[in-house]
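Peer 1:
2 protein chains.
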Amino acid sequence: MTHKELLAHYREQVEGALEQSQNAYPGHGLYEPCRYLMSIGGKRLRPSMVLAAAGAFGADPAKALHAAVAVETFHNFTLMHDDIMDKAPLRRGMPTVHEKWNDNTAILSGDAMFVQAYDALAKSDTASLPALLRLFNQTAREVCEGQQLDMEFEQRNDVSIDEYLEMIRLKTSVLLAAALQMGAIIAGAEEAQQKAVYDYGIHVGLAFQLQDDYLDAFGDPETFGKQVGGDILADKKTFLYLSALQFSDHGQRKALDGWLGQAHDPIAKVDAVRSIFLATGADNALKEELSHHYRAALTNLEQLNVVDDSRGLFRYLAQLVGERAV
Amino acid sequence: MTHKELLAHYREQVEGALEQSQNAYPGHGLYEPCRYLMSIGGKRLRPSMVLAAAGAFGADPAKALHAAVAVETFHNFTLMHDDIMDKAPLRRGMPTVHEKWNDNTAILSGDAMFVQAYDALAKSDTASLPALLRLFNQTAREVCEGQQLDMEFEQRNDVSIDEYLEMIRLKTSVLLAAALQMGAIIAGAEEAQQKAVYDYGIHVGLAFQLQDDYLDAFGDPETFGKQVGGDILADKKTFLYLSALQFSDHGQRKALDGWLGQAHDPIAKVDAVRSIFLATGADNALKEELSHHYRAALTNLEQLNVVDDSRGLFRYLAQLVGERAV
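Chain order of the listed sequences is S and E.
When you read off a place in the first sequence, starting at 1, and then add 729, the result is the number in this note's numbering.
When you read off a place in the second sequence, starting at 1, and then add 729, the result is the number in this note's numbering.
1) Please classify E:Gln-877: is it buried, with 16 or more other beta-carbons within 10 angstroms of its beta-carbon, or exposed?
2) Using a Cβ-Cβ cutoff of less than 8 angstroms, which residues in the same chain neighbour S:Ala-835 once the five nearest sequence positions on both sides are dropped?
3) Over the uninterrupted alpha helix (DSSP H) stretch that includes E:Ser-857, give me the two end residues.
4) Using a Cβ-Cβ cut-off of 8 angstroms, state whether S:Arg-863 counts as contacting chain E.
5) Establish whether the CB of E:Val-1055 and some CB of chain S are separated by less than 8 angstroms.
6) Between the segment 771-783 of chain S and the segment 878-893 of chain E, do at least 3 Cβ pairs fall closer than 8 angstroms?
7) DSSP on E:Arg-1053, reduced to helix/strand/coil?
8) Using the rule of at least 16 other Cβ atoms within 10 Å of the residue's Cβ for burial, across every protein chain shown, is E:Lys-733 buried or exposed?
9) Tell me where the alpha helix (DSSP H) around E:Trp-988 begins and ends.
10) Taking one C-beta from the segment 1023-1034 of chain E and one from the segment 945-958 of chain E each time, how about it: are there three or more such pairs within less than 8 angstroms?
11) So is S:Gly-758 in contact with chain E if we call contact Cβ pairs under 8 angstroms?
12) Closest to E:Val-798 by CA distance: which of E:Val-844, E:Ser-750 and E:Pro-755 is it?
13) So, is S:Leu-1042 buried or exposed, given that buried needs 16 or more other C-beta atoms within 10 angstroms?
14) Check the C-beta distance from S:Leu-962 over to S:Phe-1006 and give it rounded, since I have them as a contact under 8 angstroms.
15) Counting Cβ pairs, one atom from each stretch, are 3 or more of them under 8 angstroms apart for the segment 858-872 of chain S and the segment 894-909 of chain S?
16) Does the distance from the CB of S:Ala-916 to the CB of S:Ala-746 come in under 8 angstroms?
17) Within 10 angstroms of its Cβ, does E:Val-1036 collect 16 or more other Cβ (buried), or is it exposed?
18) CB-CB under 6 angstroms to S:Tyr-760, same chain, minus the five flanking residues each way: which ones, in chain order?
19) Quick one: is S:Met-880 near chain A, going by C-beta distance under 8 angstroms?
20) Rounded to whole angstroms, what's the CA-CA distance from S:Asn-1034 to S:Tyr-927? Just pull it up for me.
21) Under 8 angstroms, Cβ to Cβ, is there at least one residue of chain S near E:His-810?
22) Can you name, in chain order, every residue of its own chain whose Cβ lies under 6 angstroms from the Cβ of E:Ile-897, other than the five neighbours on each side?
23) Closer than 7 angstroms by beta-carbon distance: list the chain E residues that pair up with S:Val-903, in chain order.
24) Using a cut-off of 8 angstroms between C-beta atoms, extract the partners of S:Asn-858 located in chain E.
25) Is E:Ile-836 close to chain S, meaning its C-beta is less than 8 angstroms from at least one C-beta of that chain?
26) Since S:Tyr-847 meets chain E, which of its residues come closer than 9 angstroms, beta carbon to beta carbon?
27) Helix, strand or coil: how does DSSP classify S:Leu-673 here?
28) Label E:Ala-913 either buried or exposed according to how many other C-beta atoms from any shown protein chain fall within 10 Å of its C-beta, with 16 as the threshold for buried.
29) What do you get for S:Pro-818, buried or exposed, if any count of 16 or more other CB atoms within 10 angstroms of its CB means buried?
30) In the DSSP assignment, the alpha helix (DSSP H) including E:Val-888 goes from what residue to what residue?
31) Does any residue of chain S have a CB that is nearer than 8 angstroms to the CB of E:Phe-843?
32) Could you name the residues of the same chain whose beta carbon sits closer than 8 angstroms to that of E:Asp-854, not counting the 5 residues immediately before and after it, in chain order?
33) Say whether chain E places a C-beta atom closer than 8 angstroms to the C-beta of S:Asp-840.
34) Let me check one thing: in DSSP terms, what residues is S:Met-823 bridge-paired to?
35) Take the Cβ of S:Asn-752 as the centre, count every other Cβ of all protein chains shown within 10 Å, and call the residue buried at 16 or more, exposed below.
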């Protein structure tokens, strides 16, 4: 099996387990929005990584399916609540839960979905449950902290690049890292190995998010999947934006400031801000940061005592962000 | 020590543990609203019952402190989110979190508080953790289901008394019952004993809520703690209201319907609706239902193999609602 096929195989197993998990709850009322959000897709990368890590450390990946369901269900819970906070109308091209129903439903069904995640986790082997629960709690807390920082940054004009990286570490990387470590825990891997695979996940996660920042500004509209320039139009303080600010001369900074809050000519705004990203070298700064995390991920990978095939899978995953797309 | 003193002693232990638990998180940002809500009080009855049940089944109550913190933290999380959904301006006489901050903060800090509850639970003995987690998850799910029913009932005109009782069982009783069973689990009580103390908690919880319904209409404004007539003014479909509807003649039903949605003369409305409650015998129907649950709670109590003092404490608690106040 190629790495791509193996990932597809894990994903298929995950989809089956997610469906089975959702079917254990009534299809109406409180649980209908959970089933809806879960059914509209997603790449299922995080839960697939739970299986991949379990397999890499020598366990039957099927043993990790409950933990995988927990991770993906938790992720969807955060989407349901984040979309309320961000007043987002669409998610994966479909109406968000608070749009299709209302805010109260999205709050309460989100809470129920959070419990569903713990429900799935509780089905794990008794032996690994305490460690899984501790890691899951820590991760859930950090994801909330990341969303909190993200919201705070919207109100601040002095966000540093380090603060931004810490925010995306919390908001997006820790869950991928935890997914990998959970697989390692289930396979009974040593703590040092757990840490190495966790750190690999952090760096891959950061690289993914940086890649997303890049593609939002410079991606191919045909393949990006989201509106190119969306971050620019939303005045998001991304890595590109913060780097551009840092490297800008007086005129560039004035131009950047001038576009803030402007909405009357979106095409001109995206074009102009993108030009400043290039002129200030923000794009290169991003590529360097991304490359740093790609290399750090590969270094973590070297520390793993896993079956060789698995290292290849993890390397393939890192390469998806490290080499191809940016 | 009298039962009252013992309860006060448990409460003091709980207060200390709650403070310690909150102090383990940063005092600003995401966690400040959690600390705020936790600090504005509450009777801490549920967490005290975790300690009481652990002691009753022969364990050191201190062993149950983490589970007690989990129960009270979860309870406060539900208050934070329920207050958003109910647009409640005040909680325990103080501004609610979404009023003092905003909706997004109350959503996200509520989520963080939910994780804090699981954080506390995860500190329990490894031996009892799987059973505690399963019960806690089930309870959390049911509490969400209860809130969902409560919101649905606001939109419906055909709520039956049985449906109402099921709603308050989910929304308020299961957490008290689970608190008691968690203490029993920690003490290693047999499953039949766990079930008996859980059922005792269900009946006491229902009796408490029915007493609350009664006092809302007929309580002494000096001692009730909330605005007397609050449920009537909010057109709440309480046990009294649903019973009055069921037992009303044509004129009484017309009068009840006429007051729905009326807000121009609150004093007249409360007086008139209260009179209909009395005229239809809704007050007696409530007293009978309450008495049924009081007696059922005492029957469950007889099945418990606990130290005699503890049975006395549980009886004292049931009597608080069963005999004195209504």
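For each residue, glycine too, the CB sits at the ideal point set by N, CA and C.
Peer 2: Looking at the coordinates:
1) Here residue 877 of chain E corresponds to residue number 148 of the second sequence, with the count starting at 1. Result: buried.
2) Residue mapping note: residue 835 of chain S aligns to position 106 of the first sequence, counting from 1. Once the five neighbours on either side are set aside, the close Cβ partners of S:Ala-835 are Pro-762, Met-809, His-810, Asp-812, Ile-813, Thr-825, Val-826 and His-827.
3) One-based indexing of the second sequence puts residue 857 of chain E at position 128. Looking at the DSSP string, E:Ser-857 is not in any alpha helix (DSSP H), and its letter there is neither H nor E.
4) Counted from its first residue, the first sequence places residue 863 of chain S at position 134. So yes, S:Arg-863 belongs to the interface.
5) As a position in the second sequence, residue 1055 of chain E is number 326, starting the count at 1. The pLDDT assigned to E:Val-1055 is 49, lower than 50, so where the model puts this residue is not dependable, and the model offers no usable value.
6) no
7) Position 324 of the second sequence, counted from the start, is the residue given in the question as residue 1053 of chain E. With a pLDDT of only 48 at E:Arg-1053, under 50, the local geometry of the prediction cannot be trusted, and no value is derived from it.
8) Translated into positions along the second sequence, residue 733 of chain E becomes position 4. When all chains shown are included, E:Lys-733 counts as exposed.
9) Indexing the second sequence from 1 puts residue 988 of chain E at position 259. Here the alpha helix (DSSP H) through E:Trp-988 covers 979-988.
10) no
11) Indexing the first sequence from 1 puts residue 758 of chain S at position 29. Cβ-Cβ to chain E under 8 angstroms: yes for S:Gly-758.
12) Reading the second sequence from its first residue, position 69 is the one you call residue 798 of chain E. The shortest Cα separation from E:Val-798 among E:Val-844, E:Ser-750 and E:Pro-755 belongs to E:Ser-750.
13) Counting from one through the first sequence, the residue named residue 1042 of chain S turns up at place 313. It is buried - the Cβ of S:Leu-1042 has at least 16 other Cβ atoms within 10 Å.
14) Along the first sequence, one-based indexing puts residue 962 of chain S at 233. Along the first sequence, one-based indexing puts residue 1006 of chain S at 277. Actually they are not in contact, since the Cβ atoms of S:Leu-962 and S:Phe-1006 sit about 14 angstroms apart, beyond 8 angstroms.
15) yes
16) Sequence index remark: in the first sequence, residue 916 of chain S carries index 187 (1-based). Sequence index remark: in the first sequence, residue 746 of chain S carries index 17 (1-based). It is not a contact, given that the beta carbons lie outside the stated cut-off.
17) In the second sequence, the residue the question calls residue 1036 of chain E occupies position 307. When all chains shown are included, E:Val-1036 counts as exposed.
18) Counting from 1 along the first sequence, the entry for residue 760 of chain S is found at position 31. Once the five neighbours on either side are set aside, the close Cβ partners of S:Tyr-760 are Tyr-754.
19) The chain inventory of the structure shown lacks chain A, comprising the protein chains S and E.
20) Translated into the one-based positions of the first sequence, residue 1034 of chain S becomes position 305. Translated into the one-based positions of the first sequence, residue 927 of chain S becomes position 198. S:Asn-1034 and S:Tyr-927: Cα-Cα distance of roughly 14 angstroms.
21) By one-based count along the second sequence, residue 810 of chain E stands at place 81. Answer yes: the Cβ-Cβ gap between E:His-810 and chain S drops below 8 angstroms somewhere.
22) Here residue 897 of chain E refers to the residue found at position 168 when the second sequence is read from its first residue. Hits under 6 angstroms: Gln-938.
23) Counting from one through the first sequence, the residue named residue 903 of chain S turns up at place 174. By Cβ distance, chain E contributes nothing, its closest Cβ being about 13 angstroms from S:Val-903, past 7 angstroms.
24) Residue mapping note: residue 858 of chain S aligns to position 129 of the first sequence, counting from 1. Sequence check: residue 858 of chain S is Leu here, not Asn. Simply Leu-858, Pro-859 and Leu-862.
25) Mapped onto the second sequence, residue 836 of chain E falls at position 107. Taking Cβ atoms only, chain S reaches closer than 8 angstroms to E:Ile-836, which makes this a yes.
26) Sequence index remark: in the first sequence, residue 847 of chain S carries index 118 (1-based). Ordered by position in chain E, the residues that pass the 9 angstroms Cβ test against S:Tyr-847 are Tyr-847, Leu-862, Phe-865, Asn-866 and Ala-869.
27) Nothing can be reported for residue 673 of chain S, as the shown portion of chain S is limited to 730 through 1055.
28) Taking the second sequence and counting its residues from 1, one reaches residue 913 of chain E at position 184. E:Ala-913 comes out buried.
29) One-based indexing of the first sequence puts residue 818 of chain S at position 89. That one is exposed.
30) Counted from its first residue, the second sequence places residue 888 of chain E at position 159. E:Val-888 -> no alpha helix (DSSP H), and no H or E assigned at all.
31) Taking the second sequence and counting its residues from 1, the one referred to as residue 843 of chain E is at position 114. So, interface residue.
32) Locating residue 854 of chain E in the second sequence gives position 125, where the first residue counts as 1. Correct list, in chain order: Lys-792 and Ile-915.
33) Within the first sequence, the letter at position 111 stands for residue 840 of chain S. So yes, S:Asp-840 belongs to the interface.
34) Start at 1 with the first residue of the first sequence, and residue 823 of chain S comes out as number 94. Note: S:Met-823 sits in a beta bridge opposite S:Arg-820.
35) As a position in the first sequence, residue 752 of chain S is number 23, starting the count at 1. Result: exposed.
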